[in-house]
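Protein chains in written order, with my numbering: chain C, 3 to 344; chain L, 3 to 344; chain A, 3 to 344; chain H, 3 to 344. Structure first, then comments.
4 protein chains.
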Amino acid sequence: MTVKAAVAGASGYAGGELLRLLLVHPEIEIGALTAASSAGDRLGQHQPHLVPLADRVLAETTAETLAGHDVVFLALPHGHSGEIAARLGEEVLVVDLGADHRLRDASDWQRWYGGEHAGTWPYGLPELPGAREKLYGTKRIAVPGCFPTGGSLALAPAFAAGLVEPEAHFVSVTGTSGAGKSLKPHLLGSEVMGSASAYGVGGAHRHTPEFAQNLGLVAGERVTVSFTPVLAPMPRGILTTASAPLRAGTDLDAIRTEYEKVYHDEPFVHLLPAGSWPSTAAVLGSNAVHLQVTVDADAGRLVVIAALDNLTKGTAGGAVQSANLALGFEETTGLSTVGVAP
Amino acid sequence: MTVKAAVAGASGYAGGELLRLLLVHPEIEIGALTAASSAGDRLGQHQPHLVPLADRVLAETTAETLAGHDVVFLALPHGHSGEIAARLGEEVLVVDLGADHRLRDASDWQRWYGGEHAGTWPYGLPELPGAREKLYGTKRIAVPGCFPTGGSLALAPAFAAGLVEPEAHFVSVTGTSGAGKSLKPHLLGSEVMGSASAYGVGGAHRHTPEFAQNLGLVAGERVTVSFTPVLAPMPRGILTTASAPLRAGTDLDAIRTEYEKVYHDEPFVHLLPAGSWPSTAAVLGSNAVHLQVTVDADAGRLVVIAALDNLTKGTAGGAVQSANLALGFEETTGLSTVGVAP
Amino acid sequence: MTVKAAVAGASGYAGGELLRLLLVHPEIEIGALTAASSAGDRLGQHQPHLVPLADRVLAETTAETLAGHDVVFLALPHGHSGEIAARLGEEVLVVDLGADHRLRDASDWQRWYGGEHAGTWPYGLPELPGAREKLYGTKRIAVPGCFPTGGSLALAPAFAAGLVEPEAHFVSVTGTSGAGKSLKPHLLGSEVMGSASAYGVGGAHRHTPEFAQNLGLVAGERVTVSFTPVLAPMPRGILTTASAPLRAGTDLDAIRTEYEKVYHDEPFVHLLPAGSWPSTAAVLGSNAVHLQVTVDADAGRLVVIAALDNLTKGTAGGAVQSANLALGFEETTGLSTVGVAP
Amino acid sequence: MTVKAAVAGASGYAGGELLRLLLVHPEIEIGALTAASSAGDRLGQHQPHLVPLADRVLAETTAETLAGHDVVFLALPHGHSGEIAARLGEEVLVVDLGADHRLRDASDWQRWYGGEHAGTWPYGLPELPGAREKLYGTKRIAVPGCFPTGGSLALAPAFAAGLVEPEAHFVSVTGTSGAGKSLKPHLLGSEVMGSASAYGVGGAHRHTPEFAQNLGLVAGERVTVSFTPVLAPMPRGILTTASAPLRAGTDLDAIRTEYEKVYHDEPFVHLLPAGSWPSTAAVLGSNAVHLQVTVDADAGRLVVIAALDNLTKGTAGGAVQSANLALGFEETTGLSTVGVAP
């Protein structure tokens, strides 16, 4: 018996990626596709790569058009999912790909996003200590932000094992699709090709409190976070350079052993063999996170590199992975660790 | 009962794409992986995106390492497959992704490639008139060149129906992976990024006789071919602008009707709705060809735009599609029309 | 005594490139900078690469703000320059980088652009037979379109010498800056990176009549033109593949001799040595056009490849070159044949 | 009286950029051009963008071919310049664009590069405290590494003023040309386009001791350095995210005031207005470094973003700037702060 899913925000990048994944999901049938300003259009006008769905017509995003599904994926701008979720019924699995239900602390929400906090839902990053259990059978999932996904997995084992001081530093090089289809001058092809640029510097990016929340929970103490995103000329992919000060007596062997132990059975976290380094090309379109760890002895720091596809594991693939757990499917159903390269 | 396949040339781009597709093929099991200078390496060193095969070790490409398989895919430089195929036994399905067995005319082979002609095998472009039938149950398949794949499908219906004069003009914008992993200065990232350049101009590209062979067979008369490839800053994709002089009395309606008729039931040829134009992004990683047709009334020409992924439909996907026919599987088994975008 | 120049449309790509060139022009002083919706902004907000002008404030584009200059460069959307030019006085050199004054035939204007034809000004492509003389001392210049610049120079010598039949075929691969800073979804970085796409196919691009006008004048008879632009993932550059049917008795030697003769003394047209092929990288930021010619004997066609920078020789550099002639300066003043590569 | 300059390594990226700059340098005449494996070739085969020098033939790099010049620029792999410099005579200005003469500590040289240390020359980063004075009239210049150029300028004012703790963190996103024209698989266009990847992680990159040397001299105490380079899909440009722990009592106003004071009169360091952030596109081909500073209050860190062109200010432009000082020219002669964008 397949499960029927609606996708709200089907004309955007996150919605498109979700549909790409659902098209090969053996247990999920694609139901209503909805959008805001694109309602009434054929999906093919917005997602020409989704040939099997090209002639589906986009409905308006309302509680009515989303009703009658077992699962509703919300790929909406932040601030829009709380109200719709409230009207969908408690028996429906609602998966929020936006930011609304990620933060635990309402004051964090107000500082970083503004407006009323919609509440906190189980956090859809099963590889984080304690997270998977809360996803089994849940009816509400908050999909993590694309940056905290890779960054948290990069340092969580070190914090959990007390190998580093509670001070994390992240610089994440990201492709442009993370910004969505927004018509902003700095996102034009002419501007981004051939150029790297920084934004949200100095702790100004909204994913910062999510990093701190995740790592704080793992470390059992407040973790100071410095995070800088850098926009690079590629459509997809995030490469995060993560580091933290090593605690005395920790060496690379101990770290590697710890990471191998933690991630050995994780289907989507792939610790590379020593000497290999992650690249975003190797995870394009896949749900895998590639990691490599090393020690900078002179600087006294653990350095971890993490690569993922911001739209797949960083958004839509993470959503499907968590939905699988909520629906009682095998966690890997419909998902792949195989990238499209070159 | 699954079929066991070996891949020769597994460290290259064509071999890598083939493995990506075989990993999701429900009827084919991946056997030996072989290479030339990379023999002895882990596959993960060369294809980090193929996580499930990362620890497979590359054998040397010999008739011995390839023996014992039901299917052998040869992704080798031209001139290497004839001898190996001869030693593989007639009961084995041999699929040659290289150029050796595409041309019918030995003098064409000698002019364009040099050396002895290895022979002519059934041509793996099922959508070409008369081609599909020859692939059912065959034990030898010559996979078409990436450029003739799109170019032939772009104009074949017009030639078959006698709508245009026998004079075809092609300019194909291609990504860099078509040139393979060759360590040549003009293929360095620093050289190709931000740059478009022409090569093989004036009928100098080796795919030219293959265009002429395909269209001549369809038209039933000699077709003059002008073909220019242009290298563009992208890893994958071919966008072909094809044109031919319209015969008197032909209009766009007649052309569109003809193309719709010819391609209506083809699972991998997708004629876009009027007003939409193909882009290579929409077919990245997919086995689809996107087409659009129009008439340039002032110039008196039919103009057809075709987009495909040179590594998928243009090489490895085309190989799997034809192998499906040879093996008695559904033609679409393990293949997709869904691209990875953006 | 330097000449004072105003630039209307200073916040756009053409305006920015013009300012980049004027900053090193020894005879021209930069006066008013104007814009439409960006009026009031610092130039640095829109053109961060023009550091010496970063604090200049953009005025509104009106006849008043542009008054009091010896030269006024108009980098405006089409349809806007006629009226402003009329109010600037006949003693002012007005250089229109837009399309308004390029076409000689008012019916062509109405068919391709619509609205009233603003008139025809001397055409700023000095390398075209007969064009240079009309630019000496003129007070009005119509800067050519970026596509017809390269395409016309590619085939003009062949048409002028009667070496080819009057039937020209062009496919031009172009960077994205030719479309300006328009906020359109298909111009987003996420859409253009990794993708080639066609547009304006079938003679639908507005530069088509300009090709036909240029070549018709050179050939002395009507030339049929087929033109297709292809958008490629790079900010700048146009690589044009041009071809035409050879007349009987013409061979490559004759063609090469003719092209060498015609372009030998042209400072900005660089016929490459035999065996070298143009790339847009080699002309980035330069005012040079790189050409290579060959003969496709099987197809019976002359094939010419031309590379130029659409913003430099294709727009702003061409404007400065023609303005130099109009102002009595050396034609090459302030311009360079040196590109920025890699 | 112009000065005559030879360029050793003229076929590489650094050599090509140097020639691009020297072509517009009013006081320097270009003499011998030399190369290793490319000796005997026309320069146009390797640097098609340098049209005015296209027919110059490359000599072999020897003390003899380089003799008879006032200035010799050495753009050679490390380990090659010491011996040649020794044979060039003390009256010749030798500018080493390689690493041989940058480090002061022979044991650093041996650890990071191996082999005998060639000695320490005046360091060609005039904007560093104390550096400019040592360049006036010198006959030997060690041009800084491309990464330490931006990184040192990003944090030097803070260390000099004692505003931060002696612990610097750098992640530098770099274009591919920094790796030179090396024929390595990971530098192929197919590999780098669409991909970000890390290398030299954990303090393994050879520029690390140069960062530490520069900042240690400025701070007057040992500075711990963590440095990670990230390869991004663009030919040129480095965007560095630099940070350090703030000392108590330091706020953004104090920092901004200090940076404005230090860089106010520097012709090539451009502190952007508050709210603007650097991009590498804005400095392409220019000798400028664009900086922006901020404070991450939660993390207690100063964060500085620096953008430069690795081939211009990061290599060849820096070389010309320092050579100007050595030769008694105006420091800015032949150099520009204007980039080529978009």
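Each residue gets a CB set at the ideal place from its N, CA and C atoms; glycine is no exception.
With respect to the C-alpha of H:G147, the residue from H:T335, H:A321 and H:V342 having the closest C-alpha is H:A321. Taken in chain order, the members of the stretch 14-28 of chain C whose beta-carbon sits within less than 8 Å of a beta-carbon on chain L are Y15, G18, R22, L25 and V26.
Membership of H:L304 in the beta strand (DSSP E) is indicated by the continuous run R303 to L310. In this chain, the beta strand (DSSP E) harbouring A:F75 covers V73 to L76. Contact between the stretch 189-198 of chain L and the stretch 126-143 of chain L is absent: fewer than 3 CB-CB pairs across the two stretches fall below 8 Å.
Between C:L130 and C:S154, the C-beta spacing is below 9 Å.
Residues G239, V291, H292, A309, L310, D311, T314, K315 and G341 of the same chain have their beta carbon placed closer than 8 Å to that of C:V285, with the five preceding and five following residues left out of the count. For C:D102, the closest C-alpha among the options C:V94, C:I307 and C:E85 is that of C:E85. Closer than 9 Å at the C-beta level to chain A, one finds these residues of the stretch 30-53 of chain H: R44, G46, Q47, Q49, P50, H51, L52 and V53. Counting of Cβ neighbours within 10 angstroms places A:R303 among the buried residues, the total reaching 16 or more.
Leaving aside the five residues that flank H:A163 on each side, the residues in its chain whose CB is nearer than 7 Å to its CB run, in chain order, E260. DSSP places H:F331 in the coil class of the three-state scheme, outside both helix and strand. Taking CB atoms only, H:V342 has a neighbour in chain A less than 9 Å away. Assigned with DSSP and collapsed to three states, C:K141 falls in coil, not helix or strand.
Distance check between C:L45 and each of C:L55, C:A38 and C:S39 places C:L55 closest, using alpha-carbon atoms only. DSSP places A:Q112 outside any beta strand (DSSP E); the residue lies instead in the alpha helix (DSSP H), whose first and last residues are A108 to W114.
Only those residues of the stretch 55-83 of chain H whose C-beta falls short of 7 Å from the nearest C-beta of chain A would be listed, and there are none. Rounded to the nearest whole angstrom, the CA to CA distance from A:G17 to A:L99 is 9 Å. With fewer than 16 other Cβ atoms from the protein chains shown falling within 10 Å of its own Cβ, A:L185 counts as exposed.
In terms of Cβ geometry, C:A343 and L:P280 do not form a close pair [threshold 9 Å]. Of the residues L:A12, L:A299, L:E223 and L:H207, the one whose Cα lies closest to the Cα of L:T252 is L:A299. Of the other Cβ atoms in all chains shown, fewer than 16 fall within 10 Å of the Cβ of A:A108; this residue is therefore exposed. Using a Cβ-Cβ cut-off of 8 Å, A:G153 is close to nothing in chain H; its nearest Cβ partner there is about 21 Å away. Between the C-alpha atoms of C:L327 and A:G180 there is a straight-line separation of about 49 Å. Beyond the five residues adjoining it in sequence on each side, H:G287 comes within less than 7 Å, by CB distance, of D311, T314, G341 and V342 in the same chain, given in chain order. Between C:P168 and C:L127, the CB-CB gap reaches or exceeds 9 Å. Counting only runs that start and end inside the stretch 186-267 of chain C, the beta strand (DSSP E) elements of at least 3 residues fall at 226-233 and 240-247. Given a length threshold of 3 residues, each whole run of the beta strand (DSSP E) inside the stretch 9-93 of chain H is given here in chain order: 30-37 and 73-76. For H:F172, the enclosing beta strand (DSSP E) starts and ends at E169 to T176.
Chain-ordered, the chain H residues with CB closer than 7 Å to the CB of A:H272 read V53. Taking the Cβ atoms as the reference, H:I257 lies roughly 20 Å from H:V227, outside the contact range of under 8 Å. At a cut-off of 9 Å, the C-beta of C:S281 has a neighbouring C-beta in chain L. Exclusion of the five residues before and after A:V94 leaves H71, D72, V73, V74 and K141 as the residues of its chain whose Cβ lies within less than 8 Å of its Cβ. In terms of CA proximity to H:H82, H:A38 leads the group H:A246, H:T317, H:A38 and H:R106. Note on geometry: alpha-carbon atoms of H:G42 and C:V166 lie some 57 Å from one another.
With at least 16 other beta carbons inside 10 angstroms of its own, L:P211 counts as buried.
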